[in-house]
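Enquirer: Quick one: the structure is below, questions incoming.
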Amino acid sequence: MAVAQENARPEGRSSSPFWTIARRDSLAGFLFIAPQLIGIIVFVLIPLGLVFWYSLHEWNVLANTFTYTGAQNYRMLMEDEGLLEVLGATAIFSAGLVIFNLALALLLAVLLNQKLAGIAVFRTLFFSPVVVSLVAWTIVWGFLLQKNGGINGMLLTFGIEGPNWLREETTAMISVIVVQVFKNVGLNMILFLAALQGVPKELYEAARIDGAPTFKQFRRITLPLISPTILLTSIITIVGSLQVFAQIAVLTQGGPGLSTTVLVYYLYQQAFQFHFFGYGSTLSILLFAIVAILTFAQWQMRKRIVFYES
Amino acid sequence: MRADISPRAKVALYGVMCVLLIPFVFPTWWMVTSSIKPISDIFAFPPQLVPQSYDWTTYSKVFELQPFVRQYWNSAYIAAVVTVGTMIISSMAGYAFARIRFPYANAIFMIVLLGLLIPSEVTIVPLFQMFLKAGMVNTHWPLILVPIFGAPSVFATFVMRQFFVTLPAELEEAARVDGLGRFKIFTRIALPLAKPALASVAIFTFLHSWNLFLEPIVFLSSAEMFTLPQALTQYTDAYGGPMWNIQLAAATLTALPVLIVFIIAQKQFVEGLAHTGLKG
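Protein chains in written order, with this note's numbering: chain A, 1 to 310; chain B, 1001 to 1280.
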C-alpha cells in the first residue's frame, strides 16, 4: 500500500528539511482519505452530474437516440398524473412508516429499560428481524397476507373474515408499512434504549421527591434528554423510507393500481422496465431534491426542538 | 430503571411484551415450519402452528430449480469482500478526518458526507450506463465497487470518525515520541482500540450487502450470477405465481445461518450498535 511505503522511507529522509512533521501529516491525511474521496467522486458526484445531464434529454434505447430536449422532461413531470398518485403514496408510506416506527421503537425501549429478569432475551427477540434476510422476511409476510394465508386463517378461527390484504388499496398500503416497521424497528429501539440508559437517574429521584407523576417525568425529563436521538433516528428513518424498494417489488409490485407505487419503484419501472432513461433520470433528480430538502429541514429543526446536544 | 416494580406490574409487563413479540417472532417460525409442510397443508384451515406431517423434498427442489449453491456463494463472497473493503476504506478515512490535520480537511469531509444525501437509488441510472460502458453489466463488480467506495460506505466512515474523535491525544503523542509514523500509529494504536466501532461497521455493511435487491435486479441477468434475495423471488410457476413452499424453503436457508450467528453473538451485535458514535 502506498501509505506503508511512505512511512517505510529511510530515516535520513525524515531529517531533510522539506519533510516536516506537518507536511508528512498532510500527505498521510490525503493518502488515508484518497480511496474514499475518489470513490465518492466516481460513484456519487459524477453520476449525480450525469443524472442531471440525462434528465435534459430524450433517450430512446431501442432507436439508440439521445436528443437534447431541455426542460421537456421536467414539464412531463408536472403533467404526469400518475406521478401525483405516486408522490401521494410515497408521502403516506413515509409518514406512516416514520410515525409507527418511532412510536413503537420508543415504547419497546421504555419496556426493555425496566429491571426485569430475562429482559435480554426479549431484547434479542425484538431485534431478531433486523438480521433476517430482507427478501426472506418479505416473502413470509407475503405468504401470511394471502387471502387464504396464515393471518386470515387465524382471524377466521375467531369468526372474522379478513380482507385480501395485498389486493385492496388501503390494506395494501398498511401491509407494506407494517412489514417494513417490524423488520427494522429493532435498530431504532436499540438507539433509544442506549439514550434512555444515558439519562441520569438522579433526575428521576428528584422528580419523585417533588411528587411528579410518571407520565410527567417522561414528558419533562426523558423526552427532552433523548431528543437528539429522536432527531437522528427520524432523519435515518425518513431517508431510509424513501429507499424502500424490495418490499414493494415483492409484496405488491406497486399495486393495486398505483396505490403502493412509491417514488423509487416508479423510477425503477420508468427507467428499467419501460426504458425511459431520460424521464427516469428526471425522477431521480426529484428523489434527490426530496431527500435533500427533508434532511435540511430536519437539521434546521434541531435548533428549535432538540434540548441538549453532547 | 426503578427497582420498585410491584409483582402485579411485572406480570403485566411480561404479558404486554409477549403479545408485542408475536409479529417479530411468529413470521420466522411460520417460515421455517411451513417450509417443511407438504404443499397440501401450507394453506390448511385451521392453520397448523406445528406441522402435522413433513415433506423434505421441497428442499431438494430448491437446489434442482436454480443453481442455489452458486447463488449462495455469490451472496456470501460479495458480502464478505464488501465488508472487509468497507472496514479498510472507512477506518482509514474516518481516522484521517478525526485525527490528522491536513489542508481542506473540513471541505473534503463535507463532500464525502454528501454521500449520505445521495442514496444509490438516485444514481442508479447513470451507474448502470457507466458499468454498461465498462462491460461490467452481469458481473458482480457493481455490487462490490459501489458499496465499498460509493455512498453506502460514507455512513461507515462517519461512524469510524465519531469513534476516533474520542481517542485521547496523549496516546498518539506517546507513540510519536517513540518514533512511530502515521501509518503505524493508525495500525498499531488506533485500530486495535476501534474494535467495537469496526464490529458495528462490519455488521451494518454485511447486512446491507446481504439484503441488496435493486442493484442485483438492475445489473444481473443470468441465474448463475444472481444473489440470494434476487434468487428467492425466481421460484415461480408457469403463470408467474410464487411456489410458496419452495420460496419458503429457500428463504429459510437464506435467513437461518445469519439468525443463528446473531443469537450466538447477540451481545456484541446489540451493544456494538448502541455504543458507537450513533447515539447522536
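All residues carry an ideal CB built from backbone N, CA and C; glycine is no exception.
On a predicted model such as this, the values are computed, not experimentally measured, just so you know.
1) Of all the CB atoms in chain A, is at least one closer than 8 angstroms to the CB of N1211/B?
2) Quickly, what does DSSP pair T1236/B with across the bridge? List them, please.
3) Looking at the unbroken alpha helix (DSSP H) that takes in W1029/B, where does it start and where does it end?
4) Flag this pair as yes or no: are the beta carbons of F1269/B and N148/A separated by less than 8 angstroms?
5) Note down the Cα distance separating A34/A from R208/A, rounded to an integer number of angstroms.
6) Starting from Y1104/B, trace the beta strand (DSSP E) in both directions and tell me its first and last residue.
7) Does the beta-carbon of N1211/B have 16 or more other beta-carbons within 10 angstroms, so that it is buried, or is it exposed?
8) From which residue to which residue does the alpha helix (DSSP H) around E85/A run?
9) Can you list, in chain order, the residues of the segment 1142-1164 of chain B whose Cβ is nearer than 8 angstroms to any Cβ on chain A?
10) Please state the DSSP three-state secondary structure of N148/A.
11) Against chain A, which members of the segment 1010-1025 of chain B pass a CB distance test of less than 9 angstroms?
12) Looking only at C-alpha atoms, which of S234/A, H57/A, I38/A and L263/A sits nearest to F1109/B?
13) Report the start-end ranges of each beta strand (DSSP E) in the segment 163-234 of chain A that is 3 residues or longer and not cut off at the edges.
14) Excluding five sequence neighbours on each side, which residues of the same chain lie with their C-beta closer than 7 angstroms to the C-beta of F182/A?
15) When the cut-off is 8 angstroms and only beta carbons count, does D25/A lie next to chain B?
16) With distance defined between alpha-carbon atoms, name the residue in G82/A, L232/A, G142/A and A289/A nearest to A1251/B.
17) Among T1254/B, Q1266/B, I1263/B and E1271/B, which residue has its Cα nearest to the Cα of R1070/B?
18) Tell me W141/A's beta-bridge partners as DSSP assigns them.
19) Against chain A, with Cβ distances strictly below 8 angstroms, would K1279/B count as a contact?
20) From what residue to what residue does the alpha helix (DSSP H) around Y54/A run?
21) Quick check on L1207/B: does DSSP put it in helix, strand or coil?
22) If you measure beta-carbon to beta-carbon, which residues of the segment 186-203 of chain A are closer than 9 angstroms to chain B?
23) Taking Y1059/B as the reference, which of I1078/B, V1084/B, S1040/B and V1032/B has the closest Cα?
24) Helix or strand or just coil, what does DSSP make of F18/A?
25) Would you mind reading off the limits of the alpha helix (DSSP H) that contains F1149/B?
26) Shortest alpha-carbon distance to I238/A belongs to which of N188/A, A206/A, S284/A and L258/A?
27) Following the continuous beta strand (DSSP E) through F158/A, name the residue where it begins and the one where it ends.
28) With the cut-off set at 8 angstroms, would you say V1159/B and V1201/B are in Cβ contact?
29) Nearest to T233/A by alpha carbon, out of L104/A, F32/A and E58/A?
30) Pull up the distance between the alpha-carbon of Q217/A and that of I226/A, whole angstroms please.
31) If you reduce the DSSP assignment to three classes, tell me which class Y68/A lands in.
32) Using a 10 Å radius around the Cβ and a threshold of 16 neighbouring Cβ atoms, would you call E202/A buried or exposed?
33) Check whether chain A comes within 8 angstroms of A1202/B, counting only Cβ atoms and requiring the distance to be less than that.
34) Of all the options P1229/B, I1246/B, S1091/B and A1175/B, which has the alpha carbon lying nearest to the alpha carbon of A1079/B?
35) Would you say F127/A lies against chain B (beta-carbon separation less than 8 angstroms)?
36) For the alpha helix (DSSP H) that F1219/B lies in, which residues bound it at each end?
Expert: So, from the listed chains and residues:
1) yes
2) P1242/B
3) P1007 to S1035
4) no
5) 54 angstroms
6) Looking at the DSSP string, Y1104/B is not in any beta strand (DSSP E), and its letter there is neither H nor E.
7) buried
8) E81 to L112
9) L1145, V1146, I1148, F1149, G1150, A1151, S1153, V1154 and T1157
10) coil
11) K1010, L1013, Y1014, V1016, M1017, C1018, L1020, L1021, P1023, F1024 and V1025
12) I38/A
13) none
14) P129
15) yes
16) G142/A
17) T1254/B
18) The partner list for W141/A (beta bridge, DSSP) is empty, contrary to what the question assumes.
19) Note that K1279/B scores 43 on pLDDT, short of 50, meaning its location in the model is unreliable; the coordinates nonetheless yield the value given after this. Output row for K1279/B: interface = yes.
20) I46 to S55
21) helix
22) G186, L187, I190, L191, L193, A194, A195, L196, Q197, G198, V199 and K201
23) V1032/B
24) coil
25) W1141 to F1149
26) N188/A
27) Here F158/A belongs to no beta strand (DSSP E), and DSSP marks it neither H nor E.
28) yes
29) L104/A
30) 13 angstroms
31) strand
32) exposed
33) no
34) P1229/B
35) yes
36) L1214 to F1219
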